[in-house]
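Novice: Residue numbers (the working numbering), protein chains in the order written: chain A, 8 to 302; chain B, 79 to 433; chain C, -18 to 510.
(1) What's the gap between the Cα of residue 514 (chain C) and the Cα of residue 298 (chain A)?
(2) Are the segment 231 to 241 of chain B and the segment 264 to 280 of chain A touching, with three or more C-beta to C-beta distances below 8 Å?
(3) At the level of alpha carbons, what is the spacing between residue 254 (chain C) and residue 498 (chain C)?
(4) Is there a C-beta anywhere in chain B that falls below 8 Å from the one on residue 93 (chain A)?
(5) Residue 338 (chain C) touches chain B at which residues, Cβ-Cβ below 7 Å?
(6) Tell me, please, whether the CB atom of residue 268 (chain A) is closer than 8 Å to any CB atom in chain B?
(7) Give the secondary structure of residue 7 (chain C) by DSSP, where H, G and I count as helix, E and B as strand, and everything else as coil.
(8) Please work out which residues of its chain come closer than 7 Å, Cβ to Cβ, to residue -4 (chain C), disregarding the five sequence neighbours upstream and downstream, and give them in chain order.
(9) Under a CB-based cut-off of 8 Å, is residue 107 (chain C) close to chain A?
(10) Spell out whether any CB of chain B is found under 8 Å from the CB atom of residue 278 (chain A).
(11) Contact check, residue 341 (chain C) vs residue 410 (chain C) under 8 Å by CB: the rounded distance?
(12) Classify residue 184 (chain C) as helix, strand or coil using the three-state DSSP reduction.
(13) Report the partner residues of residue 266 (chain C) according to the DSSP bridge assignment.
(14) When the cut-off is 8 Å and only beta carbons count, does residue 87 (chain A) lie next to chain B?
(15) Using the C-alpha atoms, what's the distance from residue 78 (chain A) back to residue 117 (chain A)?
(16) Could you work out which residues of chain A lie near residue 113 (chain C), taking near to mean beta carbons separated by less than 8 Å?
(17) Going by alpha carbons, who is nearest to residue 92 (chain B) out of B:389, B:393, B:375?
(18) With a cut-off of 8 Å, does the C-beta of residue 236 (chain C) fall near any C-beta of chain A?
(19) At the 8 Å Cβ level, is residue 134 (chain C) part of the contact set with chain A, yes or no?
(20) Is DSSP giving residue 297 (chain B) helix, strand or coil here?
(21) How big is the Cα-Cα spacing for residue 265 (chain C) and residue 160 (chain B)?
(22) Starting from residue 251 (chain A), trace the alpha helix (DSSP H) both ways and give me its first and last residue.
(23) Would the beta-carbon of residue 301 (chain B) fall within 8 Å of that of residue 361 (chain C)?
(24) Please check if any C-beta of chain B sits within less than 8 Å of the C-beta of residue 435 (chain C).
(25) Here's the rule: buried if 16 or more other CB atoms are within 10 angstroms of the residue's CB, otherwise exposed. What is residue 238 (chain C)?
(26) If you draw a straight line from the alpha carbon of residue 122 (chain C) to that of residue 129 (chain C), how long is it in whole angstroms?
(27) Name the DSSP beta bridge partners of residue 97 (chain C), please?
(28) Would you check if the distance between the CB atom of residue 345 (chain B) and the CB atom of residue 261 (chain B) is smaller than 8 Å?
(29) Taking Cβ positions only, does residue 175 (chain A) come closer than 8 Å to chain B?
(30) If we cut at 8 Å on Cβ distances, does residue 100 (chain C) have a partner in chain A?
(31) DSSP state of residue 266 (chain B), grouped into three classes?
(32) Candidates C:177, C:190, C:174, C:197: which alpha carbon is nearest residue 183 (chain C)'s?
(33) Using a Cβ-Cβ cutoff of less than 8 Å, which residues in the same chain neighbour residue 246 (chain C) once the five nearest sequence positions on both sides are dropped?
(34) Closer than 6 Å by C-beta to residue 409 (chain B): which residues in its own chain qualify, once you throw out the five before and the five after it? Chain order, please.
(35) Take residue 567 (chain C) as the anchor and find which of C:272, C:66, C:289 has the nearest alpha-carbon.
(36) Is it true that the segment 302 to 315 of chain B meets the segment 239 to 253 of chain B, where meeting means three or more beta-carbon pairs spaced less than 8 Å apart?
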């Protein structure tokens, strides 16, 4: 039983950043804005949280700073792709590069290191596996992360804002003729995705009690894969996050045993996503206006 | 009238990169002032550390070589209306194949045989990885952006596994040195380049750019490729098999990115090492964007980004070299934002041409 | 009409889009409680005028006034869509503005959502939409996804959207173009009920039977101007038609009869000439529906077969299937003796097929390519310098071809290096005509060959098509303009619901007979196709 509990605890621990980022990304994508940016949002969130937590000594200040960092980058992405109608894929890549560059630059400036920050206060204690469950339960960000997907599902499906998000991502011209402020809806959706993905980064940094260079290590792209694999439905995307996290956990727990190389486990989310967009199982169809920048 | 249109096209092509450079300059100034240095001193140092001495210049040329290839890989695809974000994986596959081919060849194979064979291996491997999103799009309607992104991770993980489990030199993350197929470094011919990694791959990249330009603008294949990019329905009407062009274009794009792998493998280290690309695949998107998808523009943009990258090292004493990573991001963001804006301004300013 | 009963007054409206002058001094007065028909040929500026009223654009000059509830006229020139909606002006666009992935109710309430706390009040939305539909006889199930609806149902959702926003002035842009006759009847019922309820309705149309059927008053537009205004009860179709085209409309009934008779004899006798194009029980699917349903037809050398019909009845799919741009589900297509049912576009071109596509901006031209490059589209493989297909294109021959065709087809300006985008609509169409008709071919598919081009170009294009017939080409002509079909065709086939419901020799094809056929009425005297 303890093995199962440890498995579940480890899965959740790995899944939390995915859940945050995917819940944010799904809103932006449903509003028609491409979320290649999740990686960058997470990284800035992580770094800002580290700064905040380090200088204030309070992880809560860190959380606020992380939200601010994600939001700031979300707004940069929104201004470029909505106001200036820049290609969203290109801005996404630029945002990610910018996030890596800026966090490295300020890591050096603030902590005089090119690899990692000093230890900063986080929530609870991490360490040995036995107390992992307890540490998780004491971490408010875990609860927040578990709630993110249901909250976003509710937002998208049961609120007026969600209805507008869905309309704007499918047929912005139709929404426009009904007086729906298309740009404002998109700004809000992208800002929300910045905040939520930023929180994913906050969790990472505070869980490890430090910021390390490029610590998100592709998690934003796994979250994006989960969104696509979940066919742009919040709940399905959340389940995909858990699935991907469970596969990673399995790989960690089976380490040492000869069998499937870890690289092949790492491939799982990406292979599944390709399979999904290829329509081999059930076709993933993106929102009709995703990535379109029309006048 | 023809000249008005020509001028408008030139403005549309050149203004966004210029605006972007200006924005990058401003952001750079802010960062430099933030560290307490003088912008003019830093930029002078950047220039003297790159174009100002033989070694720095050689390194710029070396870095530009890979970027020309990955930039072309993105440009060619964009000309056909396809977004190739798979440069990282294609580049790695190309480098890996070249290194393995160099290992497989009998020692002492003459360069005239070995080099073309290794280059062909790089082209083939990159092309193979590139063709996957093309086939996925043409046959199953899968969006190439998603497929290429995901494929990057898959290819890199796969190569990582092969090298780690079968091919690596103990205590390292790289393959053994090639037995044949290496190309000469320029310092063997021009001694002041001493120490710099620039090698004959540069000429191969420039030849590739020339061939791409010829193919795009002077051949039937290019005529059809560009038509597919501009108006796929019109191309189909004109007897072009759009799906075939997608596959063919991705094959070419992948091969071009794969070709970039020879710069490091054949020309510099003579082995494949995990992460040798150093983000050149992604930077290829920036190069294509700033180079406005024209081979000549790609070459110029590759030099620009190579200068930034090498310049970062030169100024490290004054300002953290990470500043250039920020500037790269700023340039891409600014070009992306300026392109639609400039198009609107240029066409809005003069209205319709011929009524 | 007294001023106090006015609902809308538009005066001296000018609106240009780049070089195109859509409205030049148009004026319109619509009374309350009336169904007002705004009629005119394609491109007369009807839709533009109404979009100005609905706030989608601002006019370059002129004033727009709307009656306030107290009956005074308020200047609303240049208002926004949001303002227009607020003031009770709603427009149902020709191309539906519906979100396919949302339900009917969600589409209707979008932007004006009922809420309970922070939540969308779905139950109330469903209830309201259902009640509204019942009130006006707009049958539609509010919980269904819009993507699953028929065209008629989708249109009802569009009308519901405007009513939900309290529209008192309702604009419908060519609402019947996509409807079956039964659906049209239902729509008329809805519109009458709305009028009797106090609403004002403006109906954009170019179909005279509809105008006579439903409207109370009529405004006729031509070339961006309003040229006539009349009470429907005082009008006759002839009078309206004359106002629409600006001349006697005798051309609709007569054509070179002497020639028509020769062909009629040929088709009705046993001596059927070898056909250049023959289509046998063709079925083409589109979005799961049989867009073309067992169509058979044949066109002989030196003959023009015109296909008449309301747009959206399978003409596009039929032509694209013959051209090789759509997969054939069943049946065969032959060019001469050759079965090309599954042949590539290029193979068909080589078998002698030429094709003027209905949409030159999407298919017919690569707008950013030069005139010279557009003039070789489809023949690009013949302009290679070497034998191998990838070899360089021969610029000298491409240039010579361009100079030749620019001269022969009078393309202006005569500069082959200009991008096709920068030419006028008529000259763009001449590029397509020159390319398709300038070389050698046996069979011509001409789909909407004069759509959106000026009068001079129309005459030129018609002359080209007639000359091609004299030269022995087999021509399949599709046009939404009945007058064009009647002016050119030797035989007229009518398409409805994906089928050819009748094929008539030219002299029997009168507007009176074709009209009902086009709207689905059965013809008692149907000859075999």
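All C-beta atoms in this analysis are idealised placements derived from N, C-alpha and C, irrespective of residue type, glycine included.
Specialist: Reading it off the structure:
(1) In the structure displayed, chain C extends from -18 to 510; residue 514 (chain C) sits before or after that span and is not available.
(2) Between the segment 231 to 241 of chain B and the segment 264 to 280 of chain A there are three or more inter-stretch CB-CB distances shorter than 8 Å, so the stretches are counted as touching.
(3) Numbered from 1 along the third chain, position 273 holds the residue referred to as residue 254 (chain C). Numbered from 1 along the third chain, position 517 holds the residue referred to as residue 498 (chain C). Unreliable positioning characterises residue 254 (chain C) in this predicted model, as indicated by a pLDDT of 48, which lies under 50. The coordinate reading is nonetheless provided below. If you draw a straight line from the Cα of residue 254 (chain C) to the Cα of residue 498 (chain C), it is about 27 Å long.
(4) The sequence position of residue 93 (chain A) within the first chain is 86, counting from 1. Cβ-Cβ to chain B under 8 Å: yes for residue 93 (chain A).
(5) Within the third chain, the letter at position 357 stands for residue 338 (chain C). Within chain B, the residues near residue 338 (chain C) are 315.
(6) Taking the first chain and counting its residues from 1, one reaches residue 268 (chain A) at position 261. With 8 Å as the cut-off, residue 268 (chain A) counts as an interface residue toward chain B.
(7) Taking the third chain and counting its residues from 1, one reaches residue 7 (chain C) at position 26. Here DSSP, grouped into helix, strand and coil, assigns residue 7 (chain C) to strand.
(8) Your numbering for residue -4 (chain C) matches position 15 in the third chain. Closer than 7 Å at the Cβ level, and outside the excluded window around residue -4 (chain C), lie 3, 4, 29, 33, 38, 40, 41.
(9) Position 126 of the third chain, counted from the start, is the residue given in the question as residue 107 (chain C). No, no contact with chain A.
(10) Counting from one through the first chain, the residue named residue 278 (chain A) turns up at place 271. Cβ-Cβ to chain B under 8 Å: yes for residue 278 (chain A).
(11) Indexing the third chain from 1 puts residue 341 (chain C) at position 360. Indexing the third chain from 1 puts residue 410 (chain C) at position 429. Cβ atoms of residue 341 (chain C) and residue 410 (chain C) come within 8 Å of each other, at about 6 Å.
(12) Start at 1 with the first residue of the third chain, and residue 184 (chain C) comes out as number 203. Three-state result, residue 184 (chain C): strand.
(13) The residue given as residue 266 (chain C) occupies position 285 in the third chain. Paired residue(s): C:271.
(14) Stepping through the first chain from its first residue, residue 87 (chain A) is reached at position 80. Residue contact with chain B for residue 87 (chain A): present (Cβ-Cβ distance below 8 Å to some residue of chain B).
(15) Numbered from its first residue, the first chain carries residue 117 (chain A) at position 110. Numbered from its first residue, the first chain carries residue 78 (chain A) at position 71. Approximately 21 Å, taken between the alpha carbons.
(16) If you number the third chain from 1, residue 113 (chain C) lands on position 132. Using a Cβ-Cβ cut-off of 8 Å, residue 113 (chain C) is close to nothing in chain A; its nearest Cβ partner there is about 15 Å away.
(17) Along the second chain, one-based indexing puts residue 92 (chain B) at 14. Checked all of B:389, B:393, B:375; the closest Cα to residue 92 (chain B) is B:375.
(18) To locate residue 236 (chain C), count along the third chain from 1; it is residue 255. Since pLDDT at residue 236 (chain C) reaches only 41, below the 50 mark, its modelled position is unreliable, and no value is offered.
(19) Taking the first residue of the third chain as 1, we reach residue 134 (chain C) at position 153. Taking Cβ atoms only, chain A never reaches closer than 8 Å to residue 134 (chain C), which makes this a no.
(20) Position 219 of the second chain, counting from 1, holds the residue named residue 297 (chain B). Note: residue 297 (chain B) maps to strand in three-state DSSP.
(21) In the third chain, residue 265 (chain C) corresponds to position 284, counting from 1. In the second chain, residue 160 (chain B) corresponds to position 82, counting from 1. About 30 Å.
(22) One-based indexing of the first chain puts residue 251 (chain A) at position 244. Membership of residue 251 (chain A) in the alpha helix (DSSP H) is indicated by the continuous run 241 to 260.
(23) As a position in the second chain, residue 301 (chain B) is number 223, starting the count at 1. As a position in the third chain, residue 361 (chain C) is number 380, starting the count at 1. With contacts defined by Cβ atoms closer than 8 Å, residue 301 (chain B) and residue 361 (chain C) form a contacting pair.
(24) Translated into positions along the third chain, residue 435 (chain C) becomes position 454. Interface flag for residue 435 (chain C) against chain B is unset, since no Cβ pair is found closer than 8 Å.
(25) In the third chain, the residue the question calls residue 238 (chain C) occupies position 257. Confidence is the limiting factor: at residue 238 (chain C) the pLDDT is only 41, short of 50, which leaves the residue's position unreliable, though a coordinate-based value still follows. In this structure residue 238 (chain C) is exposed. Its beta-carbon is surrounded by fewer than 16 other beta-carbon atoms within 10 angstroms.
(26) The count along the third chain starts at 1 and reaches residue 122 (chain C) at position 141. The count along the third chain starts at 1 and reaches residue 129 (chain C) at position 148. A straight-line Cα-Cα distance of about 11 Å links residue 122 (chain C) and residue 129 (chain C).
(27) Residue mapping note: residue 97 (chain C) aligns to position 116 of the third chain, counting from 1. Answer by DSSP bridge pairing, in chain order: C:100.
(28) In the second chain, residue 345 (chain B) corresponds to position 267, counting from 1. In the second chain, residue 261 (chain B) corresponds to position 183, counting from 1. Contact annotation: residue 345 (chain B) and residue 261 (chain B) have beta-carbon atoms nearer than 8 Å.
(29) Position 168 of the first chain, counted from the start, is the residue given in the question as residue 175 (chain A). No, residue 175 (chain A) does not count as interfacial toward chain B.
(30) For the purposes of this step, residue 100 (chain C) is identified with residue 119 of the third chain, where counting begins at 1. It does: the Cβ of residue 100 (chain C) has a partner Cβ on chain A nearer than 8 Å.
(31) Here residue 266 (chain B) refers to the residue found at position 188 of the second chain. Assigned with DSSP and collapsed to three states, residue 266 (chain B) falls in helix.
(32) Position 202 of the third chain, counted from the start, is the residue given in the question as residue 183 (chain C). Ranking C:177, C:190, C:174, C:197 by Cα distance to residue 183 (chain C) puts C:197 first.
(33) As a first step, residue 246 (chain C) must be located in the third chain, where it is residue number 265. Unreliable placement is indicated for residue 246 (chain C), whose pLDDT of 39 sits below 50; no coordinate value is reported for it.
(34) On the second chain, residue 409 (chain B) is found 331 positions in, with the first residue counted as 1. Excluding residues within five positions, the ones whose Cβ falls inside 6 Å are 98, 102.
(35) Any answer about residue 567 (chain C) is impossible in this case: the structure gives chain C only from -18 up to 510.
(36) Segments in contact, no.
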